[in-house]
Amino acid sequence: MCSRIEVSARVHRQANALLIARSSTVNLIMDEHQALKYTPVQSFVDSSFFTKLSDLKLNEYKLDSGVKPLSGFTASPQQMNKFVNKPIINLDYSSFDDEKSDSLNWRISGLLHNVNTIEQFKSLDKLKLLRTWGEELREGMSQNTVTERFHLLTFSDLKKYKFYYWLAFPVLHSQWYVTERISNNEYEFQIEEFIKTNYVQFFQIRPENGDEMVMVDSITSQDEGTFVFVDSCISPDDNPSIQLKNYLYFLAIKGYKSVSLLVYRNNGKSYLLKLTLDPTFRASETPKVTGWERTIQGKLGPKLADLGSLINPKELASQAVDLNLKLMKWRIAPELNLDIMKSQKVLLLGAGTLGSYVSRALMGWGVRDITFVDNGRVSYSNPVRQPLFTFTDCFSDSHQGAWKAIRASEALKEIFPGVNSAGYNLEVPMIGHPVSGSSEPQAHKNFDQLVSLIENHDAVFLLMDSRESRWLPTVLGIAMNKVVINAALGFDSYLVMRYGSLDMEDRIGCYYCSDVVAPTDSLSDRTLDQMCTVTRPGGALVASSLAVELFVSILQHDLRQNAPVSSKTKFGEVPHQIRGFLHNFSQSKLHTPAYKYCSACSDAVIQAYKSQGWDFVKQCLESTEYLEEMCGLKQVQEEAEKASEALMEEIDFSDYE
Numbered sequence: 001m002c003s004r005i006e007v008s009a010r011v012h013r014q015a016n017a018l019l020i021a022r023s024s025t026v027n028l029i030m031d032e033h034q035a036l037k038y039t040p041v042q043s044f045v046d047s048s049f050f051t052k053l054s055d056l057k058l059n060e061y062k063l064d065s066g067v068k069p070l071s072g073f074t075a076s077p078q079q080m081n082k083f084v085n086k087p088i089i090n091l092d093y094s095s096f097d098d099e100k101s102d103s104l105n106w107r108i109s110g111l112l113h114n115v116n117t118i119e120q121f122k123s124l125d126k127l128k129l130l131r132t133w134g135e136e137l138r139e140g141m142s143q144n145t146v147t148e149r150f151h152l153l154t155f156s157d158l159k160k161y162k163f164y165y166w167l168a169f170p171v172l173h174s175q176w177y178v179t180e181r182i183s184n185n186e187y188e189f190q191i192e193e194f195i196k197t198n199y200v201q202f203f204q205i206r207p208e209n210g211d212e213m214v215m216v217d218s219i220t221s222q223d224e225g226t227f228v229f230v231d232s233c234i235s236p237d238d239n240p241s242i243q244l245k246n247y248l249y250f251l252a253i254k255g256y257k258s259v260s261l262l263v264y265r266n267n268g269k270s271y272l273l274k275l276t277l278d279p280t281f282r283a284s285e286t287p288k289v290t291g292w293e294r295t296i297q298g299k300l301g302p303k304l305a306d307l308g309s310l311i312n313p314k315e316l317a318s319q320a321v322d323l324n325l326k327l328m329k330w331r332i333a334p335e336l337n338l339d340i341m342k343s344q345k346v347l348l349l350g351a352g353t354l355g356s357y358v359s360r361a362l363m364g365w366g367v368r369d370i371t372f373v374d375n376g377r378v379s380y381s382n383p384v385r386q387p388l389f390t391f392t393d394c395f396s397d398s399h400q401g402a403w404k405a406i407r408a409s410e411a412l413k414e415i416f417p418g419v420n421s422a423g424y425n426l427e428v429p430m431i432g433h434p435v436s437g438s439s440e441p442q443a444h445k446n447f448d449q450l451v452s453l454i455e456n457h458d459a460v461f462l463l464m465d466s467r468e469s470r471w472l473p474t475v476l477g478i479a480m481n482k483v484v485i486n487a488a489l490g491f492d493s494y495l496v497m498r499y500g501s502l503d504m505e506d507r508i509g510c511y512y513c514s515d516v517v518a519p520t521d522s523l524s525d526r527t528l529d530q531m532c533t534v535t536r537p538g539g540a541l542v543a544s545s546l547a548v549e550l551f552v553s554i555l556q557h558d559l560r561q562n563a564p565v566s567s568k569t570k571f572g573e574v575p576h577q578i579r580g581f582l583h584n585f586s587q588s589k590l591h592t593p594a595y596k597y598c599s600a601c602s603d604a605v606i607q608a609y610k611s612q613g614w615d616f617v618k619q620c621l622e623s624t625e626y627l628e629e630m631c632g633l634k635q636v637q638e639e640a641e642k643a644s645e646a647l648m649e650e651i652d653f654s655d656y657e
């Protein structure tokens, strides 16, 4: 029993002696030779990178969190100085393009990992990611390829313009010791010429072949020669860039135990290193992998770029306005055409309650060009119902009140400076309101200006507060084949409708197609409650929003204003009329075909306007009977009268005596 214990103790002592001897050998090497030290890579991300990332995330990537190719660049030694002397991976707007290296900048391939939530960004296992990337790098080396690749983990908070990011440059560890360090600028000219055309950082010089320079993928363990590392660092401490680590690991798994390495620097301070590999290195063992960038404080952690304070406030507002719209395309409505809405020039005839709400909704949909037409001033009763006006507008302009159209356009610019808005103080000529004598020149001028405005806009909203004021814009809008949306209010009801195009096969009707008489003067000889727009306040908001949503649905249809009533778009139906009633909170969709004898959209009226212009309009303004005669309504009335008389003659009233 004792002998067994003695033998066991002897074996244990021998094993310890071997371990101590081996450790002593390693320590001796470490004592005699200094371990090679490196300068870590840093990142510099220009604000243009995040601007481009924001655009791609919003318009292209959307919810796609897959890996995307990226490129960074490091300044070649020619570009470095005492202020910029450390290896920096630079990223800017060009990082998303497939650009090549040049003599001044070396491109480094990378991968973008852009996650969708901040929770994902925080919860990702960073060590596991690093090990995975290290294994990919090691696998490439087994195929004789050393791939310099960085990884950028990002989260883009597009609402607050904050970008969280963390760069990793994975490196595989193999311990090398410096046995000799000698200043050496022997191959300076040859190296400069070589890297001008090859843009590589690591290669081999073979003296036996006339100083031939060989790429990494041609290197084997039997090749003799001096390796060259073009250092992207000229710091005074003489520690090469950490990028060298991957090349040294590559040599280690190729079987090199010692190498001659020239660290080339363009500042005349190149040096030759004699390196020895740590004898404990095993190529079969999984190497240690590091690479996550440290903060300025030297801690491991992500960085934050807050661009909200850097971007011009007007540009910031413009991007923010588009944000919600573009988010619709991510998941809910990927086929939504936002460009067509942004390009629309919209004319609002009426800058009161309906005009105020319609303009705000249009801006919400990205419309950037809005023009107001009105001839009224802001009164004290307006601001509570008309959100573009404030109390001070009621007594501006020498206590007369601001002109509505002009003030409304100014208010839109105050809300969003990126909108292109104008206001015109213009009285629209109204049927049933004759013009003659001294008033005719001004009426003619107003007519010409209205024609010009409608011609120069893509869509017209009729938002006035009287029936007769809508007649002339109806004629003009249909004659010019514009998108025309009409919204009208009753006390507890509302009507929203679109007009049909002359090109439609089954043309839909206009505001006047249900009438058997031409519109007349509805404003004269009226009491105050009849003259003012007396409506339930909420009706205007409902009608305005429906008018804008109908407009959007029309634009999303391939046929635009020619869209038939039965058709559908990406946003659903494109109805003709929407009538709503607040007393029972009901709403109906109606369809009325164009009336052959309509006083506004009939062929006779449109052709008369096209051929006679102002002369025709003037006659209609002065005499509704002329309009009824010309469009055929007079004949319809006479036939109806005759039919009524004939019916009366057939009825025997003797039974009622």
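With full-length UniProt numbering as the guide, the letters of the sequence shown map in order to residues 1 to 657.
The beta carbon of each residue, even a glycine, is placed where N, CA and C say it ideally should be.
As the structure is a computational prediction, the values presented were derived from the model and not from experiment.
Given that a residue counts as buried once 16 or more other Cβ atoms are within 10 Å of its Cβ, and exposed if not, what is residue i?
i	result
Q201	buried
E60	exposed
V496	buried
G572	exposed
R507	buried
H151	buried
Q204	buried
L28	Unreliable positioning characterises L28 in this predicted model, as indicated by a pLDDT of 39, which lies under 50. The coordinate reading is nonetheless provided below. Label assigned to L28: exposed.
V605	buried
E641	exposed
K37	exposed
F44	exposed
V11	Caution is warranted here: a pLDDT of 44 is assigned to V11, below 50, making its placement in the model unreliable, and the coordinate value is therefore given only provisionally. Exposed, since its Cβ has fewer than 16 Cβ neighbours within 10 Å.
T25	Annotation note: pLDDT 40 at T25 (below 50); position unreliable, coordinate value reported separately. Label assigned to T25: exposed.
residue 701	Residue 701 lies beyond the stretch modelled for the chain, which goes from 1 to 657, so this question has no answer here.
M464	buried
L63	exposed
D393	buried
P429	buried
S576	In the sequence as presented, Ser is not what sits at residue 576; that position holds His. H576 is buried by the Cβ-count criterion.
D231	buried
T39	buried
T117	exposed
I234	buried
Pull up the CB-CB distance for residue i and residue j, whole angstroms please, since I reckon it's below 8 Å.
i	j	result
V636	V516	6 Å
W106	T154	That pair is no contact at about 23 Å.
N562	S611	In fact, because the Cβ distance is near 24 Å, the residues do not count as touching under 8 Å.
Less than 8 Å separating the beta-carbons of residue i and residue j?
i	j	result
L112	F49	no
S544	L307	no
V378	G401	yes
E335	W166	no
V346	F461	yes
S123	S95	no
residue 739	W365	Past the boundaries of the shown model lies residue 739; the chain is included only from 1 to 657, so the question cannot be answered.
P170	L137	yes
W176	L277	yes
F227	S258	no
K52	Y93	yes
G509	A594	yes
I191	Y264	yes
S54	L158	yes
S241	V115	no
F395	W614	no
Between the region 266-284 and the region 119-139, can you find at least three pairs of beta-carbon atoms closer than 8 Å?
no
Looking at C-beta atoms only, is the number of pairs between the region 247-255 and the region 134-153 that lie closer than 8 Å three or more?
yes
In chain order, which beta strand (DSSP E) runs of at least 3 residues are fully inside the region 266-309?
271-277, 289-292 and 303-306
Check whether the region 173-182 and the region 316-325 touch, using three or more Cβ-Cβ pairs below 8 Å as the test.
no
Any alpha helix (DSSP H) of 4 or more consecutive residues that is wholly inside the region 452-488:
471-479
Could you name each continuous beta strand (DSSP E) segment of 3 residues or more that falls completely within the region 107-195, going from the start of the chain to the end?
Within the region 107-195, the complete beta strand (DSSP E) runs of at least 3 residues are 149-157, 162-172 and 176-183.
Determine, using beta-carbon pairs with one atom in the region 481-500 and one in the region 567-584, whether at least three such pairs fall under 8 Å.
yes
Meets three-Cβ-pair contact criterion under 8 Å: the region 444-458 and the region 402-411
no
Could you tell me which whole alpha helix (DSSP H) segments of length 4 or greater appear in the region 342-416?
353-364, 396-399 and 404-415, all fully within the region 342-416.
Could you tell me which uninterrupted beta strand (DSSP E) segments, each at least 3 residues in length, are contained entirely in the region 566-603, listed from first to last along the chain?
577-581 and 586-590
Any 3 or more C-beta pairs closer than 8 Å across the region 617-624 and the region 416-434:
yes
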